[in-house]
Amino acid sequence: MCGIFFHNFNSENKSEYFLNSLKHRGPNYCDKKDYLNFTIGHTLLSIRGDVENSKQPQTTKSGRYIFAFNGQIYNTSEISKLFHINFNENIDTKILSDLIDIKGHNFSSHIDGMFSIILLDKKENKLFLYRDNSGQKPLYYFIKNKKIICCSEITPIINSLSNSKQICEEAFTEILNFGTTVSKRTLFKNIHKVLPGEKISINLKNFYYNKEYFLHNVSFNNDYKLDEIISETIHKHLQTKNKIGINLSGGLDSNIILYETLKKNSSITVFSTKFENSDNIYNHDFNLAKEVANFYQIPFIETEVSSNNFKKVFYDSFSNIEEVNFNINNPAYMINYQNQKNHGFKSILSGDGGDELFIGYNWYRGYKKFEKLMKLISSEKRFSSFKTINYLREFQRYNLMIKYSSFKKNNFSLFLKSLKTIFFANKQYNDYFKKNYTLEKNSPDWDISKLFIQQYFWLSNEVLLRADKLGMQNSLEIRSPFCDYNLRYYMLKNTKIEDFKTDINKPNLRYSYKDKLYKKISNNKIKSGWTVPREWLKDKFFRDMFMDLTKSFKSDILNWEEIRNYISINDDFMLNKRIYGILSLSILQNKYNFNL
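Quick note on numbering: the sequence shown equals residues 2 to 597 in this note's numbering.
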């Protein structure tokens, strides 16, 4: 993993600032290349080879292209064979460089991995930005008044601009509805993000730009059994010359990753998080993970999360994500990543994406009456929109538009913007789906759509964003095999409506691995979830922190006085999921000193 940036400031000081700001993403080496008044920069976290062979930015052999990329390309051997690229070591930087010379800016259709990439074409005087289909690696951009900045993180862009802290009301409306932004927007006006699977081309003469979803490398064999394609997917995620670890819980996903990994790497180490002095209900996953490690006789490292260190990193965990985030477990993730870094790890395998792929949540099987009604009253075109509305129903626990109207000002205006947001989000998802997946019919069935809608909106904007930002804050890459494009394509083709009619979660996965995993894992049919002890959230610390953060806040959108009053008289306010977004927002408002 790495940090990448591009700008046209023509300033050595600006370049040094970007390099220093992104050093936590790549502490092993940093460099930049200048061309005319443009600069591309890169900070390296060396994973697959020595530093010398992985240095970036790189100019391709033809001299036409300069590029910098963040991520991992997993199909390097296939690329090498297909395009007759010679290589002594499996270094994705070198192979990507030769592929770009061969295929130009359409190289992205041939790579399989998690990535964000900046490519400068000197001949066409164009800049190209790319982001992988699952959205694992973020990339942000600012284009205005003949200024252009692209970066792996938002903060360096903000700090490089004057008057950059204007808030985007449309983005805020998305957050009020969905819990995250669901478009290219961020909280900050004119600072946008490259969407999952998107390619942006920018003319560097007039700064006009075009956006499109690019075709992805499809290489799965539909004749495979589920466990066969999972095994192949996980094995390609093991490419590294450094030691690699696994975040292990008591659930199916991480245990399948462990099972398949042990076929290739017997020296694997697993990590699991224990909540100190807590009821065993919160350490159910930890206890099962420890049993599994003992069963396989593999190294087991405990990450202890106490109430004190949870509170100690609470602010930073939300601040470092840079976007509004509703996950109350962010501090626990951050503590675990810190522990993994302290033990000398650079790469960690995670089960992120498994629930959204294999029918892991109860809501995938719910809302049947609503869905039948929508089918009856809607045309095929409207039917698509109702699928997005159904997704919104599930996330109403984060929705501030439905409840607490006194928290908001100009409610009618926000309501109209909300309708527009839902319509826009639905169109955006449909465009993405049609470009990335082909079906015999126009659109997937309602139930299957739930999986892919959540993968597109929630997984990329909440789960994977947290994994990247908090992991890279500790110079740690998080690899998520169950977000793999080919595996997702396989599940789209092979998931049946009948799979949603069972009372147990992940039926196909359970069947495929029923006789392979540690018995207690196979028999564990309850999804307990992983969450911080609720009694910790009643600590006076959180109320005091919120009151201190918001004491001078004023807004034309939010009624901070009403919010503060609600929190002051509700001892259990931290148990209300809708408040998490408000708390996250207050931390970002304090960090960046903006007005809503």
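In this text, a Cβ means the ideal position worked out from N, Cα and C, and glycines have one as well. Small disclaimer: the values here were computed from a predicted structure and weren't measured.
Where residue i falls: helix, strand or coil (DSSP)
i    : result
Y18  : helix
V306 : strand
Q167 : coil
S220 : coil
S109 : helix
M2   : coil
P28  : strand
G557 : In the sequence on display, residue 557 carries Asp and not Gly. Reduced to three states, the DSSP call for D557 is coil.
L121 : strand
V464 : helix
K347 : coil
K409 : strand
N71  : strand
T61  : coil
N331 : helix
G352 : coil
F116 : strand
K376 : helix
Y316 : helix
Y362 : coil
G180 : coil
K34  : strand
Y66  : strand
F7   : strand
N87  : coil
Pairwise C-alpha distance: residue j and residue i
i    : j    : result
E499 : K33  : 54 Å
F143 : F542 : 37 Å
Q59  : N71  : 13 Å
P157 : K555 : 25 Å
F595 : I92  : 43 Å
F346 : G582 : 31 Å
G27  : G114 : 19 Å
L466 : Q137 : 7 Å
K166 : E154 : 15 Å
K388 : D448 : 9 Å
I302 : R186 : 39 Å
N571 : N331 : 23 Å
K237 : I231 : 10 Å
Q73  : N146 : 34 Å
M2   : A69  : 11 Å
R49  : L576 : 43 Å
Q455 : E13  : 42 Å
R489 : T496 : 10 Å
T234 : T262 : 10 Å
F129 : Q240 : 27 Å
Buried versus exposed call for residue i [16 or more other C-beta atoms within 10 Å across all chains shown]
i    : result
K428 : exposed
V314 : buried
G198 : buried
G251 : buried
D545 : exposed
H8   : buried
T422 : buried
H217 : buried
S461 : buried
First and last residue of the uninterrupted alpha helix (DSSP H) at residue i
i    : result
K190 : Careful: K190 lies outside any alpha helix (DSSP H) and carries neither H nor E.
R544 : 541-551
E323 : Here E323 belongs to no alpha helix (DSSP H), and DSSP marks it neither H nor E.
Y490 : 486-495
K592 : 578-593
L100 : 93-104
Y214 : Here Y214 belongs to no alpha helix (DSSP H); instead the beta strand (DSSP E) covers 210-214.
I247 : Note, I247: premise wrong, no alpha helix (DSSP H); beta strand (DSSP E) at 245-248.
W537 : It is not in any alpha helix (DSSP H) - W537 carries neither H nor E in the DSSP assignment.
Run of the beta strand (DSSP E) containing residue i, from where it starts to where it stops
i    : result
F42  : The displayed chain sequence assigns Gly, not Phe, to residue 42. First-last of the beta strand (DSSP E) with G42: 39-45.
R480 : 478-480
N204 : 199-204
L130 : 127-132
S273 : 270-276
M256 : Residue 256 is actually Asn in this sequence, not Met. Element bounds for N256: not the beta strand (DSSP E) but the alpha helix (DSSP H), 253-265.
Y141 : 141-145
I299 : Premise fails: I299 is in no beta strand (DSSP E) and is neither H nor E.
I149 : 148-152
Any non-hydrogen atom of the ligand NAP within 6 Å of residue i CB
i    : result
Y567 : Ligands in the displayed structure: none, and consequently the ligand NAP is not present.
**Request:** Decide if the region 284-302 is in contact with the region 543-552; the criterion is three or more beta carbon pairs, one per stretch, under 8 Å apart.
**Result:** Contact annotation: the region 284-302 does not touch the region 543-552, with fewer than three C-beta pairs closer than 8 Å.
**Prompt:** Touching or not, the region 78-86 and the region 123-141, by the rule of three or more beta carbon pairs under 8 Å?
**Reply:** no
**Message:** Whether or not the region 275-283 and the region 497-511 are in contact is what I'm after, with contact meaning three or more pairs of Cβ atoms, one per stretch, closer than 8 Å; do they touch?
**Reply:** Verdict: no, contact absent.
**Prompt:** Does the region 218-227 come close enough to the region 507-519 that 3 or more CB-CB pairs lie under 8 Å?
**Reply:** yes
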